[in-house]
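Asks:
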């Protein structure tokens, strides 16, 4: 499959190869390679699926979000990169991925120097177990400045532990000293929460 054209004035091209073989009597979708480009942004996929399970990798690169304004119609800027990997074993689907953004912004109200998310999930279709970490640096939101923000989520769908810490700018806009690894003494909160029907327990990392 190949194709070229224009989307709202942006050049686009697509190139993909795949097949649909029968494996052990089950129809399998093989996507040997797929690449799409819109302006300077790219999407690449390689993998296969069999039944409800998928294996492979997806990569997205957006060097300049502002270039996509004719398509998304918002005043956004910065660059984004994402990567997702899918795997399965013993009938259980798992995934892990990362998202990184630099010099992000929306109009004059929001700006983020760097945004990074790393996450993994196991047994997605049965009882998901999730671990995710987010890091923000140099954020301006509605005239509020934040030097850094870190958040961590771990647990299953019935019990999730959450931890976050933030470091604000000192008066006059100067940056407070960087904290040591594991030290979030500036502003820190930890809590656990559960889905409806489960007991709630305070304290990060505690157990019922």
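In our numbering, the protein residues as written are 90 to 297.
No residue lacks a Cβ here, since even glycine has one placed at the ideal position from N, Cα and C.
Leaving out the 5 sequence neighbours to the left and right, which residues in its chain are closer than 7 angstroms to residue 167 when beta-carbon positions are compared?
Replies: Counting from one through the chain shown, the residue named residue 167 turns up at place 78. Excluding positions up to five away in sequence, the list reads 154, 190, 191, 192, 193, 194.
Asks: Can you give the Cα-Cα distance for residue 242 and residue 227, rounded to whole angstroms?
Replies: Translated into positions along the chain shown, residue 242 becomes position 153. Translated into positions along the chain shown, residue 227 becomes position 138. For residue 242 and residue 227, the distance between alpha carbons rounds to 22 angstroms.
Asks: When the Cβ atoms of the region 214-221 are set against those of the region 194-204, are three or more pairs found closer than 8 angstroms?
Replies: no
Asks: In whole angstroms, what is the alpha-carbon distance linking residue 197 and residue 186?
Replies: Counted from its first residue, the chain shown places residue 197 at position 108. Counted from its first residue, the chain shown places residue 186 at position 97. Each residue's alpha carbon lies about 30 angstroms from the other.
Asks: By alpha-carbon positions, which one of 158, 164, 129, 161 ends up nearest to residue 170?
Replies: In the chain shown, residue 170 corresponds to position 81, counting from 1. Looking at the Cα atoms, 129 is the closest of the given residues.
Asks: Counting beta carbon pairs with one atom in the region 111-122 and one in the region 134-141, are three or more of them shorter than 8 angstroms?
Replies: Yes, the region 134-141 touches the region 111-122.
Asks: If we call anything under 7 angstroms between Cβ atoms a contact, is residue 149 one with residue 125?
Replies: As a working mapping, residue 149 is identified with position 60 in the chain shown. As a working mapping, residue 125 is identified with position 36 in the chain shown. No, they are not a contact pair.
Asks: For a test of the three-state rule: what should DSSP assign to residue 106, helix, strand or coil?
Replies: Within the chain shown, the letter at position 17 stands for residue 106. Strand at residue 106.
Asks: Which residue spans inside the region 132-183 form an unbroken beta strand (DSSP E) run of at least 3?
Replies: 142-151, 165-178
Asks: Quick check on residue 233: buried or exposed, where buried means 16 or more other Cβ atoms within 10 Å of its Cβ?
Replies: Position 144 of the chain shown holds residue 233. By the 10 Å Cβ count, residue 233 comes out exposed.
Asks: Could you give the C-beta distance for residue 221 and residue 206, rounded to a whole number, given that I count them as a contact under 8 angstroms?
Replies: On the chain shown, residue 221 is found 132 positions in, with the first residue counted as 1. On the chain shown, residue 206 is found 117 positions in, with the first residue counted as 1. The Cβ separation is near 7 angstroms, so the contact holds.
Asks: Which two residues bound the contiguous beta strand (DSSP E) that contains residue 97?
Replies: One-based indexing of the chain shown puts residue 97 at position 8. Unbroken run through residue 97: none, as it is neither H nor E.
Asks: My assumption, with CB atoms under 8 angstroms, is that residue 303 sits in contact with residue 160. Please give the rounded CB distance.
Replies: Because the chain spans 90 through 297 in this model, residue 303 falls outside it and cannot be assessed.
Asks: Look up residue 226 in the DSSP assignment and give the residues it is bridged to.
Replies: For the purposes of this step, residue 226 is identified with residue 137 of the chain shown, where counting begins at 1. Beta-bridge pairing links residue 226 to 203, 237.
Asks: Residues in the same chain with beta-carbon distance under 6 angstroms from residue 147, minus the five sequence neighbours each way, listed in chain order, please.
Replies: Stepping through the chain shown from its first residue, residue 147 is reached at position 58. Closer than 6 angstroms at the Cβ level, and outside the excluded window around residue 147, lie 134, 173.
Asks: Can you give me the C-alpha to C-alpha distance between residue 272 and residue 253, rounded to a whole angstrom?
Replies: Reading the chain shown from its first residue, position 183 is the one you call residue 272. Reading the chain shown from its first residue, position 164 is the one you call residue 253. Low local confidence applies: a pLDDT of 47 at residue 272 is under 50, so the model's placement there is unreliable, and no value is given.
Asks: Compute the Euclidean distance between the alpha carbons of residue 181 and residue 110, then round it to the nearest angstrom.
Replies: Looking up residue 181 in the chain shown gives position 92. Looking up residue 110 in the chain shown gives position 21. When rounded, the distance between both Cα atoms is 22 angstroms.
Asks: State the CB to CB distance for the pair residue 255 and residue 235, rounded to an integer number of angstroms; the pair is presumed to be in contact (CB under 8 angstroms).
Replies: Taking the chain shown and counting its residues from 1, the one referred to as residue 255 is at position 166. Taking the chain shown and counting its residues from 1, the one referred to as residue 235 is at position 146. Going by Cβ atoms, the distance from residue 255 to residue 235 rounds to 6 angstroms, so yes, they are a contact pair.
Asks: Determine the extent of the beta strand (DSSP E) in which residue 85 is found, giving its start and end residues.
Replies: Missing from the structure shown is residue 85; the chain here goes from 90 to 297 and no further.
Asks: DSSP state of residue 213, grouped into three classes?
Replies: Residue mapping note: residue 213 aligns to position 124 of the chain shown, counting from 1. DSSP places residue 213 in coil when its eight states are reduced to three.
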